[in-house]
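Contents: one structure, followed by commentary.
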Amino acid sequence: MSGAEAFDPSDDFGHIIHRRAGCVVRPDSVGQLQQIIRDSGRANTRIVARGSGHSVFGQSQVQDGCVVDMRAIRHVAIEGDVAVVGAGATWAELTQHSLEHGMIPPVLTDYAGLSIGGTLSVGGIGAGSVVHGAQTDQVIELSVLVANGELIHCAANHEVELFDAMRGGLGQVGIIVAAKLKLIAAHTHARHLRAHYQTLDAWIIDLERMVAEGRQGQLSAVGTVDPDGQWHFHIDIVEPFSGLAPTRDRPLLDGWASQESGLEIADWPTLEYVTRLDPVIASWRASGLWKAPHPWVDVFVPAQHLRGFGRSVVASLDPLDLGVDGAMLLIYPICATSSQTPLLPISSGSGPAYLFDVLRCNPGASAERVDELLVANRTIYERALKLGGSLYPISAVEMSTTDWERHFGAQWQPWAAAKRRYDPDGRIGGQCRLF
């Protein structure tokens with residue numbers, strides 16, 4: 001592989017963990033991957049799937065094992081309100097195809113260049129989660145290759161044990177090769193409203209208010225810090241529309257604290273909005289920010305503790321801890337009642353859940369400095385845990401088997417049983433200290 005197709009299997013977007021693979025393979029078909037899995041079994045070689053390589057803590061690396069580049073398994077077919085898609089396809093590719101049929105996935109990650117198999121292995125949270133839950137909640141059926149090379153189709157009413165073990169299962173029980181996903185009717189445009197805030201409390205109060213009002217569309221909140229330590233906050237609201245643009249933006253914001261700090265409004269063609277981060281990513285690659293360490297930590301926080309948790313996190317961060325370019329705090333409200341993914345431990349308490357992301361970008365950080373930030377990540381995780389929260393396992397957080405058992409709670413035993421059944425020799429998945 002060369003050019004855009006090339007990658008270092010001992011690296012990922014985090015640039016923290018480096019495990020040297022024994023080989024890299026790129027199957028062109030599910031049949032080829034079946035044979036690779038069987039061959040790796042005869043050689044007693046560990047095997048892990050890799051999509052877009054956007055993991056931050058070595059989740060798709062394997063020491064001396066086999067890394068499977070899934071990007072060639074990227075077929076997309078639209079059948080009414082259902083998409084049939086290969087695991088190596090990206091959400092952007094799926095959206096481009098589905099829009100041609102007037103449909104769109106209910107939940108998209110902000111950066112749509114992530115692989116479908118990758119996000120379904122962790123959950124998949126985005127601005128649409130306030131209404132629809134996680135991307136794993138949109139799955140109708142999965143096609144999975146297990147350790148003996150068998151292809152199994154699983155769904156909520158068929159091979160349920162495997163279905164529940166794969167959605168949010170960190171790729172530990174099998175390799176997702178294809179998925180059938182729900183689609184919803186698409187609009188031609190997206191109205192993007194960005195409301196700015198001067199204080200953290202006003203920012204979170206308005207976010208909570210929007211969630212309580214049951215606002216449809218998409219919702220997320222962002223905090224950044226400048227080199228002088230000054231924080232800047234905003235909320236992004238996205239309302240899809242077709243035909244004439246909405247005209248009710250000011251009444252929509254009556255009484256909100258954001259009126260003190262201003263409002264930006266922009267209308268986008270839907271596909272342009274979905275792929276809006278592509279130029280940003282290109283600039284990060286050109287400037288070197290893409291190659292900087294990204295020790296992210298992402299936790300689910302119950303609604304009743306969001307404000308206090310946010311205050312404690314902001315108080316613990318300075319510009320060097322978070323980063324001032326390509327770094328941010330990011331909050332997604334999640335409709336917990338829409339979540340039907342057993343392995344995704346969304347704690348809702350008395351209301352909705354929130355995903356609270358500390359998305360660090362630390363150019364020039366030494367290995368020692370990154371280790372310090374990993375310790376800080378663990379502190380943030382444990383703080384969330386005490387509040388009834390949990391880890392979103394895309395994070396750069398050191399976890400032991402005991403930690404994982406606590407993380408999955410009542411789902412640990414069913415998941416471990418699925419691992420023993422479908423991967424008895426423990427050859428599938430990254431080395432996350434799970435078993």
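The UniProt record's numbering applies: residue 1 is where the sequence shown begins, and numbers increase by one.
The C-beta atom is built at its ideal place from N, Cα and C for all residues, glycine as well.
Small disclaimer: the values here were computed from a predicted structure and weren't measured.
Self-check item: Through-space distance from SER242 to ALA165, alpha-carbon basis
Solution: Start at 1 with the first residue of the sequence shown, and residue 165 comes out as number 165. Start at 1 with the first residue of the sequence shown, and residue 242 comes out as number 242. ALA165 and SER242: Cα-Cα distance of roughly 39 Å.
Self-check item: Backbone CA spacing between SER55 and ALA83 [nearest angstrom]
Solution: Counted from its first residue, the sequence shown places residue 55 at position 55. Counted from its first residue, the sequence shown places residue 83 at position 83. Near 25 Å, if we compare the C-alpha coordinates of ALA83 and SER55.
Quiz prompt | Enclosing beta strand (DSSP E) for TRP404 [first to last residue] | solution = Indexing the sequence shown from 1 puts residue 404 at position 404. Counting along the chain, TRP404 falls outside any beta strand (DSSP E), though it belongs to the alpha helix (DSSP H) covering 401-408.
Exercise. Specify the secondary structure class of TYR422 as computed by DSSP and reduced to three states.
Key: Taking the first residue of the sequence shown as 1, we reach residue 422 at position 422. Three-state DSSP puts TYR422 in a helix.
Quiz item: What residue does the beta strand (DSSP E) around TYR96 start on, and which one ends it?
Solution: Here residue 96 corresponds to residue number 96 of the sequence shown, with the count starting at 1. In the sequence on display, residue 96 carries Gln and not Tyr. Counting along the chain, GLN96 falls outside any beta strand (DSSP E), though it belongs to the alpha helix (DSSP H) covering 91-99.
Quiz item: Who are the Cβ neighbours of HIS18 in its own chain at under 8 Å, not counting the five residues just before and after it?
Solution: What you label residue 18 is simply residue 18 of the sequence shown in a count that begins at 1. Answer for HIS18: SER10, ASP11, GLY58 and GLN61, listed in chain order.
Quiz item: How about ILE235 and TRP268: are their beta carbons less than 8 Å apart?
Solution: Here residue 235 corresponds to residue number 235 of the sequence shown, with the count starting at 1. Here residue 268 corresponds to residue number 268 of the sequence shown, with the count starting at 1. The answer is no: Cβ separation not under 8 Å.
Quiz item: Can you pull the DSSP bridge partners for ILE428?
Solution: For this step, residue 428 is matched to residue 428 along the sequence shown. Note: ILE428 sits in a beta bridge opposite ILE47.
Quiz item: Once you ignore the five residues that flank GLN218 on each side, which residues in its own chain have a CB closer than 6 Å to its CB?
Solution: As a first step, residue 218 must be located in the sequence shown, where it is residue number 218. Here the set comprises ALA127, GLY128 and VAL238.
Self-check item: Anticipated Cβ contact below 8 Å, ALA221 with PHE300, distance rounded
Solution: Numbered from its first residue, the sequence shown carries residue 221 at position 221. Numbered from its first residue, the sequence shown carries residue 300 at position 300. That belief does not hold up - the Cβ atoms of ALA221 and PHE300 are roughly 15 Å apart, past 8 Å.
Quiz item: Taking all protein chains shown into account, do 16 or more other C-beta atoms lie within 10 angstroms of the C-beta of VAL375, making it buried, or fewer, making it exposed?
Solution: Residue mapping note: residue 375 aligns to position 375 of the sequence shown, counting from 1. By the 10 Å Cβ count, VAL375 comes out exposed.
Quiz item: Helix, strand or coil for ARG74 per DSSP?
Solution: The residue labelled residue 74 in the question sits at position 74 within the sequence shown. Of the three classes helix, strand and coil, the one that applies to ARG74 here is coil, per DSSP.
Quiz item: beta strand (DSSP E) containing ASP69: first to last residue?
Solution: On the sequence shown, residue 69 is found 69 positions in, with the first residue counted as 1. Segment 66-69, the beta strand (DSSP E) holding ASP69.
Quiz item: Helix or strand or just coil, what does DSSP make of PHE57?
Solution: As a first step, residue 57 is located in the sequence shown; it is residue number 57 there, counting from the start. Looking at PHE57 - three-state DSSP - the assignment turns out to be coil, as it is neither helix nor strand.
Practice problem: For SER390, collect the residues of the same chain with a Cβ closer than 8 Å to its Cβ; drop the 5 residues on either side in sequence, then sort them by chain order. | Solution: Residue numbering aside, residue 390 sits at position 390 when the sequence shown is read from its first letter. The answer, listed in chain order, is VAL299, PHE300, PRO345, ILE346, SER347, ALA384 and HIS407.
Quiz item: Are ARG427 and GLY41 touching if we call contact CB-CB under 8 Å?
Solution: For the purposes of this step, residue 427 is identified with residue 427 of the sequence shown, where counting begins at 1. For the purposes of this step, residue 41 is identified with residue 41 of the sequence shown, where counting begins at 1. Yes, the Cβ-Cβ distance between ARG427 and GLY41 is below 8 Å.
Practice problem: With DSSP collapsed to three states, give me the class of residue 462. | Solution: Outside the displayed range of the chain (1 to 435) lies residue 462, so it cannot be described from this structure.
Practice problem: Answer with buried or exposed for ASP357, where buried requires no fewer than 16 other C-beta atoms within 10 angstroms of its C-beta. | Solution: The residue labelled residue 357 in the question sits at position 357 within the sequence shown. So ASP357 counts as buried.
Exercise. May I ask you to list the residues that DSSP assigns as paired with TYR197?
Key: Position 197 of the sequence shown holds residue 197. BP columns for TYR197 point to PHE233.
Quiz item: Roughly how many angstroms separate the alpha carbons of ALA186 and LEU330, rounded to a whole number?
Solution: To locate residue 186, count along the sequence shown from 1; it is residue 186. To locate residue 330, count along the sequence shown from 1; it is residue 330. Rounded to the nearest angstrom, the two C-alpha atoms are 25 Å apart.
Self-check item: ASP321, DSSP secondary structure in three states
Solution: As a first step, residue 321 is located in the sequence shown; it is residue number 321 there, counting from the start. Correct three-state label for ASP321: helix.
Quiz prompt | Helix, strand or coil at GLN218 according to DSSP, with G and I counted as helix | solution = The count along the sequence shown starts at 1 and reaches residue 218 at position 218. Reduced to three states, the DSSP call for GLN218 is strand.
Quiz prompt | Buried or exposed (CB count within 10 angstroms, at least 16 for buried), ALA282 | solution = For this step, residue 282 is matched to residue 282 along the sequence shown. Under this definition ALA282 is an exposed residue.
Self-check item: Residue environment, GLN172, which counts as buried when at least 16 other CB atoms sit within 10 Å
Solution: For this step, residue 172 is matched to residue 172 along the sequence shown. By the neighbour-count rule (16 or more Cβ atoms within 10 Å), GLN172 is buried.
Quiz item: Closest by CA to ASP226, which one among ARG20, GLN431, LEU94 and VAL324?
Solution: The count along the sequence shown starts at 1 and reaches residue 226 at position 226. The option with the nearest alpha carbon to ASP226 is VAL324.
Quiz item: Ends of the beta strand (DSSP E) at LEU145?
Solution: Locating residue 145 in the sequence shown gives position 145, where the first residue counts as 1. Looking at the DSSP string, the run of the beta strand (DSSP E) that includes LEU145 is 139-145.
Quiz prompt | Buried versus exposed call for VAL313 [16 or more other C-beta atoms within 10 Å across all chains shown] | solution = Looking up residue 313 in the sequence shown gives position 313. Under this definition VAL313 is a buried residue.
Quiz item: With a cut-off of 8 Å, do at least 3 Cβ pairs link the stretch 88-104 to the stretch 140-159?
Solution: no
Quiz item: By the 10 Å Cβ neighbour count, where 16 or more other Cβ atoms means buried, how is GLU213 classified, buried or exposed?
Solution: Walking along the sequence shown from the start, residue 213 turns up at place 213. Exposed, because fewer than 16 other Cβ atoms sit within 10 Å of the Cβ of GLU213.
Exercise. Over the uninterrupted alpha helix (DSSP H) stretch that includes ARG164, give me the two end residues.
Key: By one-based count along the sequence shown, residue 164 stands at place 164. With the sequence shown as reference, residue 164 is identified as Asp, and Arg is not the correct amino acid for it. Segment 160-166, the alpha helix (DSSP H) holding ASP164.
Practice problem: Report the option in GLU141, ALA292, ALA416 and ASP110 whose CA atom is closest to the CA atom of LEU277. | Solution: In the sequence shown, the residue the question calls residue 277 occupies position 277. Of the candidates GLU141, ALA292, ALA416 and ASP110, the one whose C-alpha sits nearest the C-alpha of LEU277 is ASP110.
Quiz item: How would you write the range of the beta strand (DSSP E) that GLY102 sits in, first residue to last?
Solution: By one-based count along the sequence shown, residue 102 stands at place 102. No beta strand (DSSP E) holds GLY102; DSSP gives it neither H nor E.
Quiz prompt | C-beta atoms of SER52 and SER115 nearer than 8 Å | solution = Position 52 of the sequence shown, counted from the start, is the residue given in the question as residue 52. Position 115 of the sequence shown, counted from the start, is the residue given in the question as residue 115. Closer than 8 Å, so yes.
Quiz item: Would you call ALA367 buried or exposed, if buried means 16 or more other Cβ atoms sit within 10 Å of its Cβ?
Solution: Numbered from its first residue, the sequence shown carries residue 367 at position 367. With fewer than 16 other Cβ atoms within 10 Å, it is exposed.
Quiz item: Roughly how far, in whole angstroms, is the beta-carbon of ASN362 from the beta-carbon of PRO319, given that I think they are within contact range, below 8 Å?
Solution: Start at 1 with the first residue of the sequence shown, and residue 362 comes out as number 362. Start at 1 with the first residue of the sequence shown, and residue 319 comes out as number 319. The Cβ separation is near 11 Å, so there is no contact.
Exercise. Would you kindly report the start and end of the unbroken alpha helix (DSSP H) that includes ASP11?
Key: Here residue 11 refers to the residue found at position 11 of the sequence shown. Segment: none, ASP11 is in no alpha helix (DSSP H) and carries neither H nor E.
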